[in-house]
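Asker: For the protein sequence lines, the chains are A and B, in the order given.
Following the numbering used here from start to finish, the first sequence increments by one per residue and tops out at 478.
Following the numbering used here from start to finish, the second sequence increments by one per residue and tops out at 478.
From the three backbone atoms N, C-alpha and C, an ideal C-beta is built for every residue, glycine too.
First, the structure itself, so that you have it in front of you.
There are 2 protein chains.
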Amino acid sequence: MFGARCLLRALRSCSSAPCPRHKPTAKLSVRDALGAQNASGELVKVQGWIRSVRSQKEVLFLHVNDGSSLESLQVVADSSFDSRELAFGSSVEVQGQLVKSLSKRQNVELKAEKIEVVGNCDAKAFPFKYKERHPLEYLRQYPHLRCRTNVLGSILRVRSEATAAIHSFFKDSGFVHIHTPVITSNDCEGAGELFQVEVMEGLFKTTTMTVLSNCPEDVELCHKFIAPGQKDRLEHMLKNNFLIISYTEAVEILKQASQNFTFTPEWGADLHTEHEKYLVKHCGDIPVFVINYPLALKPFYMRDNEDSPQHTVAAVDLLVPGVGELFGGSLREERYHFLEQQLARSGLTEAYQWYLDLRRFGSVPHGGFGMGFERYLQCILGIDNIKDVIPFPRFTHSCLL
Amino acid sequence: MFGARCLLRALRSCSSAPCPRHKPTAKLSVRDALGAQNASGELVKVQGWIRSVRSQKEVLFLHVNDGSSLESLQVVADSSFDSRELAFGSSVEVQGQLVKSLSKRQNVELKAEKIEVVGNCDAKAFPFKYKERHPLEYLRQYPHLRCRTNVLGSILRVRSEATAAIHSFFKDSGFVHIHTPVITSNDCEGAGELFQVEVMEGLFKTTTMTVLSNCPEDVELCHKFIAPGQKDRLEHMLKNNFLIISYTEAVEILKQASQNFTFTPEWGADLHTEHEKYLVKHCGDIPVFVINYPLALKPFYMRDNEDSPQHTVAAVDLLVPGVGELFGGSLREERYHFLEQQLARSGLTEAYQWYLDLRRFGSVPHGGFGMGFERYLQCILGIDNIKDVIPFPRFTHSCLL
């Protein structure tokens, strides 16, 4: 038998070379350079774009950023390096010594020994100007370049950290990650129905705190974009955890394998904007309550929560015995037969056989929720327009790139 | 200013209740129950499906599985619990004491005090039969139920672990995760072109070893499905790391922000099967070499590797100065103007303005690769048909669920 241990041996014997990421290398990201403790003249190489140039009589100061952090690395060079090519927007590779900075503004700086201009920047044609703060609406016209600005770079990094935090949250809670299909033959839920989720503090708080501790500067920068008067709105959103609920059959089906979650692109009408959106969905035992639901819809997915002062429902499927002993055997079967009849009457029995099957072959109570990932990012960053938290937004009549 | 620290305070003040996942609860997953060290009669609750029933004179043995692990939990009950409803496929909730097992087959077992049948299973109609080993082709007909079998459950768990390992690999290597659009207006690459990647050992080995150490039993089970004679093929695949290369513009554009990777559903023709596939893409400094590439295609993405005995190329864009000093300033500009002319001649200048822009506003050398995630799973598991490593496969004339 060709077992796991044998496979491990085969892999180990593939090559005796160490894994590439453990290779010692003189090349550093700006982030790593800035984080270097006790810099004492090590020879390193840094690549990035020039964010500012300051030329003095005998010294040339450059700020170089490679997108790995909000802060740029200060490069100090002899004025002999000065050239017209060393300009805002150009990409450079700098070799030199990483040293402690004498200024209090930064811990380390790079004493340049060699500066190579890798790519020139046509400053006249370049849509972003040196030292100018461009509004988000303006940046939106340049989806292929805007990630080089501070604010969009910050959003991308926060987005990445938030994604990782959501994955960790579910993994640590014992959920299995699944990939749900993007093309489906089922019209599993009416698009554009909005629900408000009251309780999902665990996910919301854990991930937000991870993001805050991993990229506080990026979050801080985004908050500068909050219009005056919106501060209260953001605090209100954060306190009330307004999230969008959604649900699909894939998560429900795979509940049979284990409690699971997905992180999947979806399409939906949302605030009169059609766009691709990412939804985080889970199916498992974290309790979730829904308020302001469309009463006429989805009677099978909802259960009245009588203890609640508001009209709330638990997002569970009532066809299966749900949260407690409220629904006994007879009611359960009654509901199953009701659905069976409804489907037969509409000629949908074949199309929804899978749904009936799930309920006659050892059904289980289950609940779930969906969270709009872009809404979550808007919420923690205070970014007003959803198009600014999506790298390449698609909306009506617009599919740039 | 409404900063990160202020946000953190606001979040903390939302509720003083601890995060749900830290709540002490008597409910255990089968995996956690099996892993309990020094079980000594704690009262716990376990939910799952009955995998086997063995009725003796005075004792009833059940095996219960909830999809959290390959191994099932043995439930020992008084024969008075015996009933027709406690049958293969039914879902149950068992309360009882978790104790050390006297048998050598398992460490712990659950001494049942209460057994509730949550969902009956219509055994006659249920397509999976007790103790029968169904071939993968047969299981494929029941995409909504097959995740309850051992082999598909194993694949789902391995898939989840592999996804997490790939995310960790890139995060640890300093990459930013990005979501690329699913709908695009660019025909960025010809579908179905196959390349073979020679070197990507870091990703391949690290993730595979993580999967092997996190779910060895699941991998072991999948290997049992390898047809005789395929063992050599699997070993060959593992030694040669055959992977599929692909590339899109989004990863390239966002390279400007940082080195990045994506994990995105894509469509493509592959081995005459059209299906959704997941591709892991990266853009950064991990060297990647491509062999057997279609010579006529993508001259701008390829660079000859003269040191290689085979005809290999590095997957870099030649329009920008790439791997070394081989391409000086003049050749670089020559190539840019060549492309500019080609686009103008084809009337494509407007559509590809973004591509030209990336090259005139501080271009940077970049390379990348794509890995077919489902092929990777096939490779480490030895699963012959790609449809069996995808939860809900889509192919010509088939979009079940």
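May I ask you to list the residues that DSSP assigns as paired with B:Asp155?
Answerer: B:Val136.
Asker: Could you check whether the segment 113-128 of chain B touches the segment 157-165 of chain B, counting it as contact only if at least three pairs of C-beta atoms, one from each stretch, sit closer than 8 Å?
Answerer: Result yes; three or more Cβ-Cβ pairs closer than 8 Å.
Asker: If you follow the alpha helix (DSSP H) that A:Ala189 is part of, which residue opens it and which one closes it?
Answerer: Where A:Ala189 is concerned, there is no enclosing alpha helix (DSSP H), although the beta strand (DSSP E) it sits in stretches over Val185 to Gly196.
Asker: Would you please verify whether the beta carbon of B:Asp199 is less than 8 Å from any beta carbon of chain A?
Answerer: B:Asp199 counts as touching chain A.
Asker: First and last residue of the beta strand (DSSP E) that includes B:Gln174?
Answerer: Counting along the chain, the beta strand (DSSP E) containing B:Gln174 begins and ends at Ser168 to Lys177.
Asker: So, under 8 Å CB-CB, A:Leu188 and A:Gln174 are touching, yes? Tell me the CB distance rounded to an integer number of Å.
Answerer: Reading off the sequence, residue 188 of chain A comes out as Lys, not Leu. Confirmed, about 5 Å.
Asker: Residues of chain A with CB under 7 Å from B:Phe438, in chain order?
Answerer: Going along chain A in sequence order, the residues near B:Phe438 (Cβ under 7 Å) are Gly166, Cys198, Asp199, Phe203 and Leu222.
Asker: Whose Cβ in chain B lies nearer than 7 Å to the Cβ of A:Gly251?
Answerer: Within chain B, the residues near A:Gly251 are Ser106 and Ser145.
Asker: For A:Gln133 and A:Glu186, which I take to be in contact (beta-carbon distance under 8 Å), what is that distance rounded to the nearest angstrom?
Answerer: Actually they do not touch by this definition, with Cβ atoms about 14 Å apart.
Asker: So with CB distances below 7 Å, who are the chain B contacts of A:Asp434?
Answerer: Result: His221 and Leu222.
Asker: Identify the contact partners of B:Arg210 in chain A, using a Cβ-Cβ distance below 8 Å as the criterion.
Answerer: The premise fails here: B:Arg210 is roughly 16 Å from chain A at the closest Cβ pair, so nothing lies under 8 Å.
Asker: Residues of chain A with CB closer than 8 Å to the CB of B:Ala110, please, in chain order.
Answerer: In chain order: nothing, as chain A lies at least about 12 Å away.
Asker: With a 10 Å radius around its C-beta and 16 neighbouring C-beta atoms as the bar for buried, classify B:Asp143 as buried or exposed.
Answerer: Under this definition B:Asp143 is a buried residue.
Asker: Is B:Ser117 helix, strand or coil by DSSP?
Answerer: Note: B:Ser117 maps to strand in three-state DSSP.
Asker: Among B:Tyr453, B:Ser237, B:Phe138 and B:Thr287, whose alpha-carbon lies nearest the alpha-carbon of B:Ser180?
Answerer: The shortest Cα separation from B:Ser180 among B:Tyr453, B:Ser237, B:Phe138 and B:Thr287 belongs to B:Phe138.
Asker: Alpha carbon to alpha carbon, how far is A:Val296 from A:Ser157? Give it in angstroms, no decimals.
Answerer: Cα-Cα distance, rounded: 39 Å.
Asker: Can you list, in chain order, the residues of its chain whose CB lies under 6 Å from that of A:Glu190, leaving out five sequence neighbours each side?
Answerer: Same-chain partners within the cutoff: Gln172 and Gly173.
Asker: Can you confirm whether B:Ala241, when its beta carbon is compared against all beta carbons of chain A, has any partner nearer than 8 Å?
Answerer: Judged by the 8 Å Cβ criterion, B:Ala241 is in contact with chain A.
Asker: Give the straight-line distance between the Cα atoms of A:Lys464 and B:Ala200, rounded to the nearest whole angstrom.
Answerer: Their Cα atoms are separated by approximately 51 Å.
Asker: Residues of chain B with a CB under 8 Å from the CB of A:Leu454: which are they?
Answerer: The contacting residues do not exist; A:Leu454 stays about 11 Å from chain B at best.
Asker: Rounded to whole angstroms, what's the CA-CA distance from B:Val441 to B:Tyr429? Just pull it up for me.
Answerer: Their Cα atoms are separated by approximately 18 Å.
Asker: Pull up the CB-CB distance for A:Lys122 and A:Glu170, whole angstroms please, since I reckon it's below 8 Å.
Answerer: That belief holds up - the Cβ atoms of A:Lys122 and A:Glu170 are roughly 6 Å apart, short of 8 Å.
Asker: Are B:Ala116 and B:Val176 close, meaning C-beta to C-beta below 8 Å?
Answerer: Yes, Cβ-Cβ distance for B:Ala116 and B:Val176 is below 8 Å.
Asker: Give a yes or no on whether the C-beta atoms belonging to A:His140 and A:Ser149 are separated by under 8 Å.
Answerer: Cβ atoms of A:His140 and A:Ser149: closer than 8 Å.
Asker: Helix, strand or coil: which one does DSSP assign to A:Gly112?
Answerer: Coil.
Asker: In angstroms with no decimal places, state the Cα-to-Cα distance between B:Glu433 and B:His300.
Answerer: The sequence given here has Leu at residue 433 of chain B, not Glu. B:Leu433 and B:His300: Cα-Cα distance of roughly 49 Å.
Asker: List the residues of chain B that A:His244 touches, going by C-beta distances under 7 Å, in chain order.
Answerer: Ala241 and His244, listed in chain order.
Asker: Three-state secondary structure (DSSP) at B:Gly439?
Answerer: Residue state, collapsed to three classes: coil.
Asker: Would you say the beta carbon of A:Ala202 comes nearer than 7 Å to a heavy atom of the ligand ZN?
Answerer: For the ligand ZN, the structure offers nothing, since it holds no ligand at all.
Asker: What is the C-beta distance between A:Phe302 and A:Ile467, in whole angstroms, given that I count them as a contact (C-beta under 8 Å)?
Answerer: Not confirmed; about 15 Å, so no contact.
Asker: In chain order, what residues of the same chain have a beta carbon less than 6 Å from the beta carbon of B:Cys198, not counting five sequence neighbours either side?
Answerer: Counting only Cβ-Cβ distances below 6 Å, and skipping sequence neighbours, we find Gly166 and Ser167.
Asker: Take the Cβ of B:Arg161 as the centre, count every other Cβ of all protein chains shown within 10 Å, and call the residue buried at 16 or more, exposed below.
Answerer: Per the 10 Å Cβ criterion, exposed.
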